[in-house]
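*Asks:*
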Amino acid sequence: EDQVTQSPEALRLQEGESSSLNCSYTVSGLRGLFWYRQDPGKGPEFLFTLYSAGEEKEKERLKATLTKKESFLHITAPKPEDSATYLCAAPAGGYQKVTFGTGTKLQVIP
Amino acid sequence: NAGVTQTPKFQVLKTGQSMTLQCAQDMNHEYMSWYRQDPGMGLRLIHYSVGAGITDQGEVPNGYNVSRSTTEDFPLRLLSAAPSQTSVYFCASSQSNRDYEQYFGPGTRLTVT
Numbered sequence: 814e815d816q817v818t819q820s821p822e823a824l825r826l827q828e829g830e831s832s833s834l835n836c837s838y839t840v841s842g843l844r845g846l847f848w849y850r851q852d853p854g855k856g857p858e859f860l861f862t863l864y865s866a867g868e869e870k871e872k873e874r875l876k877a878t879l880t881k882k883e884s885f886l887h888i889t890a891p892k893p894e895d896s897a898t899y900l901c902a903a904p905a906g907g908y909q910k911v912t913f914g915t916g917t918k919l920q921v922i923p
Numbered sequence: 443n444a445g446v447t448q449t450p451k452f453q454v455l456k457t458g459q460s461m462t463l464q465c466a467q468d469m470n471h472e473y474m475s476w477y478r479q480d481p482g483m484g485l486r487l488i489h490y491s492v493g494a495g496i497t498d499q500g501e502v503p504n505g506y507n508v509s510r511s512t513t514e515d516f517p518l519r520l521l522s523a524a525p526s527q528t529s530v531y532f533c534a535s536s537q538s539n540r541d542y543e544q545y546f547g548p549g550t551r552l553t554v555t
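First to last, the sequence lines map onto chains A and B. Position 74 (the first sequence) corresponds to 887 in our numbering; numbering is contiguous. Position 27 (the second sequence) corresponds to 469 in our numbering; numbering is contiguous.
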């Protein structure tokens, strides 16, 4: 069964304290690995797509990396405005049949 | 561009009632999808469409119908509401390109009593 699993469920960081979020996947024939950000009461917002092991993408304080079994979202020197739930997802069983993880809720404290 | 719009934002239904959640996008995207989001379960795909006239089931399709008569609109119909359908519903659209970047609407919070 195709699965996307995220850890930790919640993460609390001091402003400036770097850390990483994990997304492990068991999806046959991986066609991409997506990262989204979701603020409370809003729809998810696209961040990155990664396609192959070794690939990296960056956006401001965020950097996403991909291995054959997992992806990491590294947050460098986070700010309070980075507080959100970060979702990982992958297409499974078809390009539009996307499976999401349950997310990591990040809180950055000033 | 308004992006992806959803109406209503909030809805309360009684068990057995039917209703339609509206979704529209003005980006000329081919792909559209409906998800539900429940605490601890993440986003789950209900139905999706790869173009006008073409729809298919996702992970949790039971109790829901969709149709896609135009590129812009993708309504989700609840046939006979049940308390288990209490959730937040999101509509998303994307182009049929390699990135599969989905644009999500603001969501509809549905409560079934």
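Note that beta-carbon positions come from the ideal geometry of N, C-alpha and C, so glycine has one too.
#1: Considering only the beta carbon of each residue, do A903(A) and L834(A) sit closer than 8 Å?
#2: Pull up the DSSP beta-bridge partners for L520(B), would you.
#3: Where DSSP assigns a beta bridge to K870(A), which residues make up the other side?
#4: Which one of Q459(B), W476(B), S522(B) has the shortest CA to CA distance from V911(A)?
#5: Whose Cβ in chain A lies nearer than 7 Å to the Cβ of S475(B)?
#6: Sort G856(A), K855(A), K870(A) by Cα distance to T862(A) and report the nearest one.
#7: Can you confirm whether L521(B), when its beta carbon is compared against all beta carbons of chain A, has any partner nearer than 8 Å?
#8: Any beta carbon of chain B sitting closer than 8 Å to that of T818(A)?
#9: Indicate the three-state DSSP secondary structure (helix, strand or coil) for S526(B) in the structure shown.
#10: Using beta carbons (cut-off 8 Å, strictly below), is P821(A) in contact with chain C?
#11: Would you mind stating whether G856(A) and F546(B) have Cβ atoms separated by less than 8 Å?
#12: Does the distance from the C-beta atom of A534(B) to that of T457(B) stay below 8 Å?
#13: Could you please give the first and the last residue of the uninterrupted beta strand (DSSP E) stretch that includes M474(B)?
#14: Name, in chain order, the residues that DSSP records as bridge partners for S833(A).
#15: My output table needs one value for D895(A): the three-state DSSP class, helix, strand or coil.
#16: Shorter than 8 Å from the beta carbon of P923(A) to some beta carbon of chain B?
#17: State the DSSP-derived secondary structure class of K456(B), mapped to helix, strand or coil.
#18: Output the distance between the C-alpha atoms of T880(A) and G867(A), rounded to the nearest integer angstrom.
#19: Would you report the Cα separation of P481(B) and T818(A), rounded to the nearest angstrom?
*Replies:* The relevant details are as follows:
#1: In the first sequence, the residue the question calls residue 903(A) occupies position 90. In the first sequence, the residue the question calls residue 834(A) occupies position 21. For A903(A) and L834(A), no; Cβs fall outside 8 Å.
#2: Residue numbering aside, residue 520(B) sits at position 78 when the second sequence is read from its first letter. The partner list for L520(B) (beta bridge, DSSP) reads M461(B), Y506(B).
#3: Residue mapping note: residue 870(A) aligns to position 57 of the first sequence, counting from 1. DSSP, once it has assigned bridges, lists A877(A) as partnering K870(A).
#4: Stepping through the first sequence from its first residue, residue 911(A) is reached at position 98. For the residues Q459(B), W476(B), S522(B), the minimum Cα distance to V911(A) belongs to W476(B).
#5: By 1-based counting over the second sequence, the position of residue 475(B) is 33. Per Cβ cutoff of 7 Å: Q909.
#6: Working through the first sequence from its first residue, we reach residue 862(A) at position 49. Per the Cα distances, K870(A).
#7: In the second sequence, counting from the first residue as 1, residue 521(B) sits at position 79. By this cut-off, L521(B) is not an interface position.
#8: Against the first sequence, residue 818(A) aligns to sequence position 5. Chain B, which has no Cβ nearer than 8 Å to the Cβ of T818(A), makes this no.
#9: Within the second sequence, residue 526(B) is the residue found at index 84, counting from 1. The answer is helix: DSSP assigns S526(B) an H, G or I state.
#10: Absent from the structure is chain C; the protein chains it does hold are A and B.
#11: Position 43 of the first sequence holds residue 856(A). Position 104 of the second sequence holds residue 546(B). Yes, the Cβ-Cβ distance between G856(A) and F546(B) is below 8 Å.
#12: As a first step, residue 534(B) is located in the second sequence; it is residue number 92 there, counting from the start. As a first step, residue 457(B) is located in the second sequence; it is residue number 15 there, counting from the start. Result no, Cβ atoms of A534(B) and T457(B) do not sit closer than 8 Å.
#13: On the second sequence, residue 474(B) is found 32 positions in, with the first residue counted as 1. Run containing M474(B): 473-480, per the beta strand (DSSP E) assignment.
#14: Against the first sequence, residue 833(A) aligns to sequence position 20. In DSSP, S833(A) forms a bridge with H887(A).
#15: For this step, residue 895(A) is matched to residue 82 along the first sequence. Annotated three-state conformation of D895(A) is helix, per DSSP.
#16: In the first sequence, the residue the question calls residue 923(A) occupies position 110. So no, P923(A) is outside the interface.
#17: Working through the second sequence from its first residue, we reach residue 456(B) at position 14. In this structure, K456(B) counts as coil in the three-state DSSP scheme.
#18: As a first step, residue 880(A) must be located in the first sequence, where it is residue number 67. As a first step, residue 867(A) must be located in the first sequence, where it is residue number 54. The straight-line gap from Cα to Cα measures roughly 6 Å.
#19: As a working note, residue 481(B) is residue 39 in the second sequence. As a working note, residue 818(A) is residue 5 in the first sequence. Straight-line Cα distance between these residues: approximately 15 Å.
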